[in-house]
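What follows is a single structure, written as structure tokens, with notes after it.
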Amino acid sequence: MSEFLSIAISILFHGLAMAMVLYLISVGLSVTMGLMGFVNLAHGAFAMAGGYTLVILMKQQNLPFGVALIAAIVICVILSLILERLLYRRLYGGDELDQVLMTMGLIFASVGAATYLFGPVSQSLEPPAVLRGQLNFLGRDFPTYRSFLILCGALLVTALWLGLERTRFGAQIRASVDNLRMAQTLGINTSRLFTAAFALGSGLAALGGGLGADFLNVGPNYALEYLVYFLIVVAVGGLGSIRGPFVAALIVGVSDTAFKYLAPQYGAFFIYAITMAILLWRPRGLFGQSA
Amino acid sequence: MTDLSSRDLTGDRKAVVDAFARRHRFKWYEAIPWIAAAACYFLFENYHALGAQIFATILFALSLDLLIGFAGIVTLGHAAFFGVGAYAAGVMAANGWHEPFSEVLVAAVLAAGVGFASGLIVLRTTGLTLLMQTLVVAALLQELANKWSSVTGGSDGLLGMKIDPIFGLYRFDLFGDTAYVYCLAVLFVGWLLARNIVYSSFGRSLTGIRENTNRMHAIGAPVDRRKIVIYTISAALAGVSGALIAQTTALVGLNTLALSKSGELIIMLVIGGIGRLYGAFIGVPLYMIAQDRFSQIDPIYWYFWIGLFMIFVVVFARGGVLGVFERFLQRRRSR
Chain D
554 MSEFLSIAIS ILFHGLAMAM VLYLISVGLS VTMGLMGFVN LAHGAFAMAG GYTLVILMKQ
614 QNLPFGVALI AAIVICVILS LILERLLYRR LYGGDELDQV LMTMGLIFAS VGAATYLFGP
674 VSQSLEPPAV LRGQLNFLGR DFPTYRSFLI LCGALLVTAL WLGLERTRFG AQIRASVDNL
734 RMAQTLGINT SRLFTAAFAL GSGLAALGGG LGADFLNVGP NYALEYLVYF LIVVAVGGLG
794 SIRGPFVAAL IVGVSDTAFK YLAPQYGAFF IYAITMAILL WRPRGLFGQS A
Chain Y
19 MTDLSSRDLT GDRKAVVDAF ARRHRFKWYE AIPWIAAAAC YFLFENYHAL GAQIFATILF
79 ALSLDLLIGF AGIVTLGHAA FFGVGAYAAG VMAANGWHEP FSEVLVAAVL AAGVGFASGL
139 IVLRTTGLTL LMQTLVVAAL LQELANKWSS VTGGSDGLLG MKIDPIFGLY RFDLFGDTAY
199 VYCLAVLFVG WLLARNIVYS SFGRSLTGIR ENTNRMHAIG APVDRRKIVI YTISAALAGV
259 SGALIAQTTA LVGLNTLALS KSGELIIMLV IGGIGRLYGA FIGVPLYMIA QDRFSQIDPI
319 YWYFWIGLFM IFVVVFARGG VLGVFERFLQ RRRSR
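So the protein sequences, as listed, match chains D and Y.
Note that the first sequence covers residues 554 to 844 in this note's numbering.
Note that the second sequence covers residues 19 to 353 in this note's numbering.
This is how it looks when you write it as structure tokens:
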């Protein structure tokens, strides 16, 4: 019994840590999808950029973890603003196919750029000394870095939800997701709003990519390799929803950890099967709008 | 049914009806790809193996064009059917069945089965959810092929395939002479099929579904059934293409099911021009020949430049090579 409990706790713990990372990366995708109906397959590339910047700044510039993380977010936000102005903007409200094709091109460009800049081998994150080792809690040992990850994730998620519920910016985003035209009619500058939401989403993705470097290996194929996870989280959660993806990330994180631990011979098989089953039951995702 | 012949019509209406009635007939320029393919057999004797690959991939791209270009089903998991076909042919060839045509047939049937079954689930959704589900189907199959290594060879790939000579006469050789003709012939049959579909009333209704699904529902077209039918047909063609690649390279790996495979295929199609039936015939050779040249010089740059080029095509040169060419012709005509 106590063995079962310890396995369950360990699965929940690691699953929760993975869920935080997946949520941070994917939530921006859900918002851009809900706001403008933009299918941004290249969203993972921003997470990859965040991961690379963090690792490289720490390794080569010897910057402390916190500083490097903030620098990574800033760099990715700037990068995303440039790309938004230059490319994404042209395809707003356009054909879904064009959006898929353009962002697919971005993915391939990111694969090539990452291979050229950092080589084909994936980079590993060296957490600072404080975050290494084990943390004793209620007589159990938990890896410190992952505990930190959960804590960070919980704080960010709370801040994000509060921000969306309580601030003017959040209200504008919710209004625009509900009804874009009505929001425009009321005088909300949706174009600027979208740019801001896009930058926020990319910044969160960079943060998730940086923090989550020990779950999702930062290699050149990042955007391709993990695309399926990000899409699952967004589609199962429900497009445009802020909370839905969190539940979906929990499901994916915990069940992925559980199956990899309990039935490693089947690999990621069950995650995919569960995803298909959920979407068969609710094609619009768990928290999708019915319209 | 009203008789659509132009007997009782005059003037502009007659011209339109005539054009419509002649639409499906073969035009002179449709012979160009086949003449070029025949000429290349004699002009580039050292590249027959590459040529065979190109033909098989054209068939793959053609099957994708039926989905994306005509039915408007944007999928990221088309490699699933390619992989099923490749593994079907590969597993047969490695386990004592060596006759090529029957392998292709089995590959087509199996891929069609997978297409039909997954289509029932996947096609219920649209947009990003559809993208995700097609991707998941391919990932599921890839994981299956990876873990079921006693049959598929797992991550080492399937080795030890043996293919009998075609009709017992033409052996698959190292230079790809047989493979070239074999793939070209199968592609021709596949092209005839795709062409017939596109110009049939079924094909027109697919275009209708792409343009306005709600209206197709409203006029009573069986939208869901049509989508499943084209999904199944397209899967079968992709399976045939996979079988061809497996037979001519005698190697099947996990990458046949990978997302990068679907992504590259989409890129090839975009370069040629989506929804034009001949986009595949232009995009695939351009891509594969360029890849053959450039990736020898600098394989790292390849993905970077192809990605940039793709963005360029989408933003500035809509419709790919054929789209630009069409606009050029229109501009000249309107002058």
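Beta carbons: idealized from backbone N, C-alpha and C, even for Gly.
task = Please classify residue 682 of chain D: is it buried, with 16 or more other beta-carbons within 10 angstroms of its beta-carbon, or exposed?
result = Numbered from 1 along the first sequence, position 129 holds the residue referred to as residue 682 of chain D. Classification of residue 682 of chain D: exposed, given that the 10 Å Cβ count is below 16.
task = Could you name the residues of the same chain whose beta carbon sits closer than 7 Å to that of residue 727 of chain D, not counting the 5 residues immediately before and after it, in chain order?
result = Your numbering for residue 727 of chain D matches position 174 in the first sequence. Closer than 7 Å at the Cβ level, and outside the excluded window around residue 727 of chain D, lie 717.
ask   = With C-beta atoms as the reference, is residue 645 of chain D less than 8 Å away from residue 591 of chain D?
value = What you label residue 645 of chain D is simply residue 92 of the first sequence in a count that begins at 1. What you label residue 591 of chain D is simply residue 38 of the first sequence in a count that begins at 1. For residue 645 of chain D and residue 591 of chain D, yes; Cβs fall inside 8 Å.
message = Here's a check: name, in chain order, each residue in its chain whose Cβ is nearer than 6 Å to the Cβ of residue 844 of chain D, leaving out the five neighbours to either side.
response = Taking the first residue of the first sequence as 1, we reach residue 844 of chain D at position 291. Confidence in residue 844 of chain D is poor, its pLDDT being 38 and thus under 50, which makes the residue's placement unreliable; the coordinate value appears in the next sentence. Leaving aside the five residues that flank residue 844 of chain D on each side, none in its chain has a CB nearer than 6 Å to its CB.
key: Per-residue burial, residue 135 of chain Y [other beta carbons within 10 Å of its own, 16 or more giving buried]   = Position 117 of the second sequence, counted from the start, is the residue given in the question as residue 135 of chain Y. Classification for residue 135 of chain Y: exposed.
inquiry  = Within the continuous alpha helix (DSSP H) that includes residue 134 of chain Y, where are the two ends?
reply    = To locate residue 134 of chain Y, count along the second sequence from 1; it is residue 116. 118 to 140 is the extent of the alpha helix (DSSP H) around residue 134 of chain Y.
query = Straight-line CA distance for residue 184 of chain Y to residue 266 of chain Y?
reply = As a working mapping, residue 184 of chain Y is identified with position 166 in the second sequence. As a working mapping, residue 266 of chain Y is identified with position 248 in the second sequence. Going by the C-alpha atoms only, they are around 12 Å apart.
query = Using a Cβ-Cβ distance under 8 Å, would residue 15 of chain Y count as near chain D?
reply = What is shown of chain Y runs 19 to 353, which leaves residue 15 of chain Y out entirely.
Residue burial classification, residue 673 of chain D (beta-carbon count within 10 angstroms, cutoff 16) = Working through the first sequence from its first residue, we reach residue 673 of chain D at position 120. Looking at its Cβ environment, which holds fewer than 16 other Cβ atoms inside 10 Å, residue 673 of chain D is exposed.
message = Tell me the DSSP secondary structure of residue 694 of chain D in three-state form.
response = The residue given as residue 694 of chain D occupies position 141 in the first sequence. Of the three classes helix, strand and coil, the one that applies to residue 694 of chain D here is strand, per DSSP.
query = Alpha carbon to alpha carbon, how far is residue 176 of chain Y from residue 839 of chain D?
reply = Translated into the one-based positions of the second sequence, residue 176 of chain Y becomes position 158. Translated into the one-based positions of the first sequence, residue 839 of chain D becomes position 286. Rounded to the nearest angstrom, the two C-alpha atoms are 40 Å apart.
query = Is the CB of residue 294 of chain Y under 8 Å away from at least one CB in chain C?
reply = You won't find chain C in this structure, because its protein chains are D and Y.
ask   = Residues of chain D with CB under 7 Å from residue 278 of chain Y, in chain order?
value = In the second sequence, counting from the first residue as 1, residue 278 of chain Y sits at position 260. Within 7 Å Cβ-Cβ: 777.
query = From the DSSP output, which residues share a beta bridge with residue 676 of chain D?
reply = For the purposes of this step, residue 676 of chain D is identified with residue 123 of the first sequence, where counting begins at 1. BP columns for residue 676 of chain D point to D:771.
key: Runs of alpha helix (DSSP H) lying entirely within the stretch 232 to 308 of chain Y, each at least 4 residues, in chain order   = 241 to 267 and 277 to 290
ask   = At a CB-CB cut-off below 7 Å, which residues of chain D make contact with residue 47 of chain Y?
value = In the second sequence, the residue the question calls residue 47 of chain Y occupies position 29. Simply none; closest approach about 26 Å.
Neighbour-count burial assignment, residue 778 of chain D, 16 or more Cβ in a 10 Å radius = What you label residue 778 of chain D is simply residue 225 of the first sequence in a count that begins at 1. Result: buried.
request  = With DSSP as the reference, label residue 753 of chain D as helix, strand or coil.
outcome  = Here residue 753 of chain D is taken as the residue at index 200 of the first sequence, counted from 1. Correct three-state label for residue 753 of chain D: helix.
ask   = Using a Cβ-Cβ distance under 8 Å, would residue 97 of chain Y count as near chain D?
value = Position 79 of the second sequence, counted from the first residue, corresponds to residue 97 of chain Y. Using a Cβ-Cβ cut-off of 8 Å, residue 97 of chain Y does not count as an interface residue toward chain D, since no Cβ of chain D sits closer than that to its own.
inquiry  = So that I know if they touch, is there some Cβ in chain D lying closer than 8 Å to that of residue 91 of chain Y?
reply    = Here residue 91 of chain Y refers to the residue found at position 73 of the second sequence. Chain D contact via Cβ: absent.
inquiry  = Less than 7 Å between C-beta atoms, sequence neighbours within five positions excluded: which residues of the same chain meet that for residue 180 of chain Y?
reply    = Counting from 1 along the second sequence, the entry for residue 180 of chain Y is found at position 162. Closer than 7 Å at Cβ, skipping near neighbours: 111 and 116.
ask   = For the candidate residues Y:204, Y:308, Y:236 and Y:148, whose alpha-carbon lies nearest to that of residue 78 of chain Y?
value = Here residue 78 of chain Y corresponds to residue number 60 of the second sequence, with the count starting at 1. For residue 78 of chain Y, the nearest C-alpha among the options comes from Y:204.
ask   = Taking all protein chains shown into account, do 16 or more other C-beta atoms lie within 10 angstroms of the C-beta of residue 814 of chain D, making it buried, or fewer, making it exposed?
value = What you label residue 814 of chain D is simply residue 261 of the first sequence in a count that begins at 1. Exposed, by the Cβ-count rule.
request  = Please check if any C-beta of chain Y sits within less than 8 Å of the C-beta of residue 734 of chain D.
outcome  = As a position in the first sequence, residue 734 of chain D is number 181, starting the count at 1. No, residue 734 of chain D does not count as interfacial toward chain Y.
message = Which same chain residues end up closer than 6 Å to residue 342 of chain Y when comparing Cβ atoms and leaving out the 5 residues on each side of it in sequence?
response = For this step, residue 342 of chain Y is matched to residue 324 along the second sequence. Cβ within range, chain order: 335.
request  = At 7 Å on the CB atoms, spell out the chain D contacts of residue 142 of chain Y, in chain order.
outcome  = Here the question's residue 142 of chain Y lines up with position 124 in the second sequence. Within 7 Å Cβ-Cβ: 836.
request  = Go ahead and label residue 556 of chain D buried or exposed: buried means 16 or more other beta carbons lie within 10 angstroms of its beta carbon, across all protein chains shown.
outcome  = Locating residue 556 of chain D in the first sequence gives position 3, where the first residue counts as 1. Exposed, since its Cβ has fewer than 16 Cβ neighbours within 10 Å.
task = Determine which residues of the stretch 800 to 819 of chain D have a Cβ less than 8 Å from any Cβ of chain Y, and write them out in chain order.
result = 818 and 819
query = In chain D, which residues lie with their C-beta within 8 Å of the C-beta of residue 164 of chain Y?
reply = Residue mapping note: residue 164 of chain Y aligns to position 146 of the second sequence, counting from 1. Those are 820, listed as they occur along chain D.
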